[in-house]
């Protein structure tokens, strides 16, 4: 079982095997839950503000995959240059 030492400032390092098991990276937030004489540590839930706009806007009709593909195809075809009609360099 990995252990860690508490500093005089109340800080500790989460042991590498625990960080790896939870997929924790620098800057990630963690939650502590006290359960009797134990502490449960887990990755903090996502900040809900990061989900803003993910579900679209109220009042707008959803777009089908087919409509999206058509729009992509249209823009792609508009961005492709046709070969020169002259057939080469002058």
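In this note's numbering, the protein residues as written are 876 to 965. Where is the CB? At the ideal position from N, CA and C, for every residue including glycine.
Would you identify the three-state DSSP class for residue 945, choosing helix, strand or coil? helix
### Message
I'd like to know whether the C-beta atoms of residue 890 and residue 879 end up nearer to each other than 8 Å.
### Response
yes
Under DSSP, the alpha helix (DSSP H) around residue 894 begins and ends at which residues? 891 to 897
Inter-residue spacing [alpha-carbon to alpha-carbon] between residue 908 and residue 915:
5 Å
Next item on the list: Name the residue from 905, 910 and 911 whose alpha carbon lies nearest to the alpha carbon of residue 917.
Entry: 905
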